[in-house]
Amino acid sequence: MNNLIDRTKRIISASVAGMAVLPLVSACGGEQEQKPMNVLFIMCDDHSYQTISAYDSTFIKTPNIDRIAADGVRFTNSFVANSISGPSRACMLTGKHSYENGFTDNSSSFDGSQQTFPKLLQQQGYETAVIGKWHLTSDPTGFNHWDILIGQGDYYNPTFICNGEKVQREGYATNVTTDLALDWLENGRDASKPFCLLLHHKAPHRTWMPDTCDLELFADSNFPLPETFFDNYDTREAAKVQRMSISKDMDIVYDLKMADKDSTIHSRSDLEAWGRRIYNNMNPDQKRAWDAHYDVVIEKFKAAGLEGKELDAWKYQQYMRDYLRVITSVDRNVGRVLDYLEAEGLMDNTLIVYTSDQGFYMGEHGWFDKRWMYEESFRTPLLVRLPGGKVKGELKNMVQNIDYAPTFLELAGAEIPSDIHGCSFLPLLKGEEWTTNRDGVYYHYYEYPDEHAVKRHLGVRTETHKLIHFYEDDVWELFDLCADKHELNNIYGKPGTEEVTALLKEKLVKLQKQYNEEQFIAE
Ligand code: SGN
Ligand code: CA
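For the sequence shown, the positions run 172 to 694 when the working numbering is used.
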């Protein structure tokens, strides 16, 4: 209880401090008036930090996404609370961990009657909109305008639900979603009010389908296999039984588009059928462009007759090429939005956030997908540009997606409700002291068995260590992140780890109490 009161006091004092220093924008006649900040919250689905050049330029250059970082900050220890789409989105909207907001896995339905930051911003006089992926089953609440994809949405000619009405739109999802956002900014909103726009792309979610204009990119690239590509999962029991392996679970037809016209290539029957169905949803022009590219790849693939490790390596290259093509389109579309803000003079009073609903495996541990508390999926990219922000470049503080809601609220000058779990990181952007005292972040993943068979787990991460509990099997893992950055060596129970284990367990229990998850405290 004391913790809660302390935290609340800290938040309220941070909030008051924040309101006093909102940037000043010149008004006609030379006087200075305080203009409220807009919020542009761009989020992709499954965009790994490994494929944003502001973080890592090994694979791709993302010049437009990097524009946000160039004049803002790049969080290098930004984490999610539950590494999967719906739950992540619910954490962001509410600023609360999954158990508390009630949306624990992708089969949940969001209780739209609860408190969310868009609702609180509306009360603050903001005009709010969500455009693109929503994935929370129930209809959006707290938005003046919503135009959302159904479920995961389709890459080609997707159907949206626009304020309750179904509308199918011709084109490629990332372009169409951006068009809708630009149209709302230009024509849809009440320009006398500050806006908060959630521009949430479906890309680059599985099955990583590129726009037709990007199909030839990376065709000759060969990407280095990650060091851990052939991981044998020694010391990690749950990792041995997952089903997200590029080698075993990534489907040749469905994921890698080897749907040959004479149907001689076969894969898992349900996935093969889906792969062929996706193709059939394209229009004739889209199919022509698609065939001109993939038919050539298919013929080469058939001729090569690959097996074993050679086939695994080929699958990896094919996966990376498509994924990066999809990112190229995301980056181009981010550029369109930034150009619009620049042209309209909105850069000086708009906070821009770029993030993903979680991280993603680019072949590390031999995987695609996410879900684990291991670094690649627990971390998520987070780039933030605050106009007039005093701090630029890398920020190493541990932040989490439950922090976005209080950050936006503080920026808007709204009071941060005391039941929000997250902490505003606005002070960090302004170069002010961050008074959260956070020395560990909490994680809890629930969706088991589901298609990728990642067991339920929870845990705590500090700057140096990670403790994970696969609680249904009562299996623990402990990693020394300084000595073992790839988390290959579970040292739980090893001599010499008693002290650090006890410390981490104590932190874990403290966080579980703080977030009302007492029932998950290990006996
Ligand atoms: C789909 C995907 C999975 C993915 C989940 C969750 N399969 O079910 O690979 O893990 O979404 O992703 S697919 O065959 O439909 O592509 S999430 O990011 O939306 O949570
Ligand atoms: Ca996702």
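Yeah, the Cβ is synthetic: ideal placement off N, Cα and C, and Gly gets one too.
Here the structure is a predicted model, which is why all the values come from computation and not from measurement.
Specify the secondary structure class of residue 211 as computed by DSSP and reduced to three states.
For this step, residue 211 is matched to residue 40 along the sequence shown. Residue 211 falls in the strand class under three-state DSSP.
Over what stretch of residues does the beta strand (DSSP E) that includes residue 339 continue unbroken?
Here the question's residue 339 lines up with position 168 in the sequence shown. Note, residue 339: beta strand (DSSP E), 336 to 339.
When every heavy atom of ligand 3 is checked, does at least one fall within less than 7 Å of the C-beta of residue 345?
Within the structure as shown, ligand 3 is missing, the only ligands being ligand 1 and ligand 2.
Return the CA-CA distance between residue 690 and residue 251, expressed in angstroms with no decimal places.
Taking the sequence shown and counting its residues from 1, the one referred to as residue 690 is at position 519. Taking the sequence shown and counting its residues from 1, the one referred to as residue 251 is at position 80. Separation of residue 690 and residue 251 (C-alpha to C-alpha, rounded to the nearest whole angstrom) is 21 Å.
Assumed close pair residue 372, residue 399 - CB separation to whole angstroms, cut-off 8 Å:
By one-based count along the sequence shown, residue 372 stands at place 201. By one-based count along the sequence shown, residue 399 stands at place 228. Between residue 399 and residue 372 the Cβ distance is about 28 Å, and since that is not below 8 Å, they are no contact.
Here's a check: name, in chain order, each residue in its chain whose Cβ is nearer than 6 Å to the Cβ of residue 268, leaving out the five neighbours to either side.
What you label residue 268 is simply residue 97 of the sequence shown in a count that begins at 1. Excluding residues within five positions, the ones whose Cβ falls inside 6 Å are 252, 592 and 686.
Determine the direct distance from the alpha carbon of residue 210 to that of residue 197, and round the result to whole angstroms.
Position 26 of the sequence shown holds residue 197. Position 39 of the sequence shown holds residue 210. Below a pLDDT of 50, predicted positions are generally treated as unreliable, and residue 197, at 37, falls in that range; the measurement from the model is reported next regardless. Straight-line Cα distance between these residues: approximately 19 Å.
Per DSSP, which one or two residues make a beta bridge with residue 647?
Looking up residue 647 in the sequence shown gives position 476. Checking the DSSP bridge columns, you'll see residue 647 partnered with 640.
Please enumerate, following chain order, all residues with a beta carbon closer than 5 Å to at least one heavy atom belonging to ligand 2.
216, 217, 256 and 528
So is the beta-carbon of residue 377 under 7 Å away from any non-hydrogen atom of ligand 1?
Position 206 of the sequence shown, counting from 1, holds the residue named residue 377. Because some heavy atom of ligand 1 lies under 7 Å away, the Cβ of residue 377 counts as near it: yes.
Enumerate in chain order the residues of its own chain whose CB-to-CB distance from residue 674 is below 8 Å, with the five nearest sequence positions on each side excluded.
The residue you call residue 674 lines up with position 503 of the sequence shown. Result list for residue 674: empty, nothing under 8 Å.
I'd like to confirm the pairing. Which residues does DSSP put opposite residue 564 in its beta bridges?
Position 393 of the sequence shown, counted from the start, is the residue given in the question as residue 564. Beta-bridge pairing links residue 564 to 244.
Compute every distance between the C-beta of residue 306 and the non-hydrogen atoms of ligand 1, then say whether any falls below 7 Å.
Along the sequence shown, one-based indexing puts residue 306 at 135. Yes.
Does the pairing of the region 393 to 408 with the region 480 to 500 give three or more beta-carbon distances under 8 Å?
yes
Is the beta carbon of residue 597 sitting closer than 8 Å to the one on residue 586?
In the sequence shown, residue 597 corresponds to position 426, counting from 1. In the sequence shown, residue 586 corresponds to position 415, counting from 1. Contact flag unset, no.
Apart from the five residues on each side of it in sequence, which residues of its chain come closer than 6 Å, Cβ to Cβ, to residue 583?
As a first step, residue 583 is located in the sequence shown; it is residue number 412 there, counting from the start. 292 and 295, listed in sequence order.
Measuring CB to CB, does residue 298 end up less than 8 Å from residue 361?
To locate residue 298, count along the sequence shown from 1; it is residue 127. To locate residue 361, count along the sequence shown from 1; it is residue 190. Contact flag set, yes.
My output table needs one value for residue 286: the three-state DSSP class, helix, strand or coil.
In the sequence shown, counting from the first residue as 1, residue 286 sits at position 115. It is coil, neither helix nor strand.
Given a cut-off of 8 Å, decide if residue 527 and residue 216 are closer than it, judged by their beta-carbon atoms.
Mapped onto the sequence shown, residue 216 falls at position 45. Mapped onto the sequence shown, residue 527 falls at position 356. In contact: residue 216 and residue 527 (Cβ atoms closer than 8 Å).
Rounded separation between residue 427 and residue 523 - CA only
Taking the sequence shown and counting its residues from 1, one reaches residue 427 at position 256. Taking the sequence shown and counting its residues from 1, one reaches residue 523 at position 352. Straight across, the Cα-Cα distance linking residue 427 with residue 523 is about 34 Å.
Using only the heavy atoms of ligand 1, determine whether one of them is closer than 7 Å to the beta carbon of residue 640.
Here residue 640 refers to the residue found at position 469 of the sequence shown. No, Cβ of residue 640 sits at least 7 Å from all heavy atoms of ligand 1.
Drop a sphere of 10 angstroms on the beta-carbon of residue 412, count the other beta-carbons inside from all chains shown, and report buried for 16 or more, exposed for fewer.
Position 241 of the sequence shown, counted from the start, is the residue given in the question as residue 412. So residue 412 counts as exposed.
Among the candidates 242, 254 and 420, whose CA atom is the shortest distance from the CA of residue 549?
Sequence index remark: in the sequence shown, residue 549 carries index 378 (1-based). Of the candidates 242, 254 and 420, the one whose C-alpha sits nearest the C-alpha of residue 549 is 254.
Roughly how many angstroms lie between the CA atoms of residue 343 and residue 324, to the nearest whole one?
Residue numbering aside, residue 343 sits at position 172 when the sequence shown is read from its first letter. Residue numbering aside, residue 324 sits at position 153 when the sequence shown is read from its first letter. Near 11 Å, if we compare the C-alpha coordinates of residue 324 and residue 343.
C-alpha gap between residue 172 and residue 682, whole angstroms
The residue you call residue 172 lines up with position 1 of the sequence shown. The residue you call residue 682 lines up with position 511 of the sequence shown. Here residue 172 scores only 34 on pLDDT, less than 50, and its place in the model is too uncertain to base an answer on.
My guess is that residue 415 and residue 623 are in contact by the Cβ rule of under 8 Å, so how many angstroms apart are they, rounded?
On the sequence shown, residue 415 is found 244 positions in, with the first residue counted as 1. On the sequence shown, residue 623 is found 452 positions in, with the first residue counted as 1. Right, the Cβ-Cβ distance comes to about 4 Å (below 8 Å), so this counts as a contact.
Under DSSP, the alpha helix (DSSP H) around residue 466 begins and ends at which residues?
Here the question's residue 466 lines up with position 295 in the sequence shown. Note, residue 466: alpha helix (DSSP H), 455 to 475.
If you reduce the DSSP assignment to three classes, tell me which class residue 218 lands in.
Translated into the one-based positions of the sequence shown, residue 218 becomes position 47. In this structure, DSSP gives residue 218 a state outside helix and strand, which the three-state scheme calls coil.
Please report the straight-line C-alpha distance between residue 514 and residue 443, rounded to a whole angstrom.
For this step, residue 514 is matched to residue 343 along the sequence shown. For this step, residue 443 is matched to residue 272 along the sequence shown. Cα to Cα, the separation comes out at about 46 Å.
Rank 533, 480, 455 and 418 by C-alpha distance to the C-alpha of residue 379 and give the top, closest one.
Within the sequence shown, the letter at position 208 stands for residue 379. Measuring from the Cα of residue 379, the nearest candidate turns out to be 533.
For residue 212 and residue 222, believed in contact at Cβ under 8 Å, the rounded distance
As a working note, residue 222 is residue 51 in the sequence shown. As a working note, residue 212 is residue 41 in the sequence shown. That belief does not hold up - the Cβ atoms of residue 222 and residue 212 are roughly 20 Å apart, past 8 Å.
Can you determine whether any heavy atom of ligand 1 sits closer than 7 Å to the C-beta of residue 454, and answer yes or no?
For the purposes of this step, residue 454 is taken as the residue at position 283 of the sequence shown. For ligand 1, not one heavy atom lies less than 7 Å from the Cβ of residue 454.
In chain order, what residues of the same chain have a beta carbon less than 7 Å from the beta carbon of residue 258, not counting five sequence neighbours either side?
For the purposes of this step, residue 258 is identified with residue 87 of the sequence shown, where counting begins at 1. Here the set comprises 269, 274, 275 and 276.
Please find out if some non-hydrogen atom of ligand 1 comes closer than 7 Å to the beta-carbon of residue 622.
Residue mapping note: residue 622 aligns to position 451 of the sequence shown, counting from 1. Checking every heavy atom of ligand 1 against the Cβ of residue 622, one is found closer than 7 Å.
Is it buried or exposed for residue 483, if we count other Cβ within 10 angstroms and need 16 for buried?
The sequence position of residue 483 within the sequence shown is 312, counting from 1. Its Cβ being crowded by 16 or more others within 10 Å, residue 483 is buried.
Along the chain, where does the alpha helix (DSSP H) that runs through residue 349 open and close?
Residue 349 sits at position 178 when you count from the first residue of the sequence shown. It spans 344 to 354 - the alpha helix (DSSP H) in which residue 349 sits, taken as one unbroken run.
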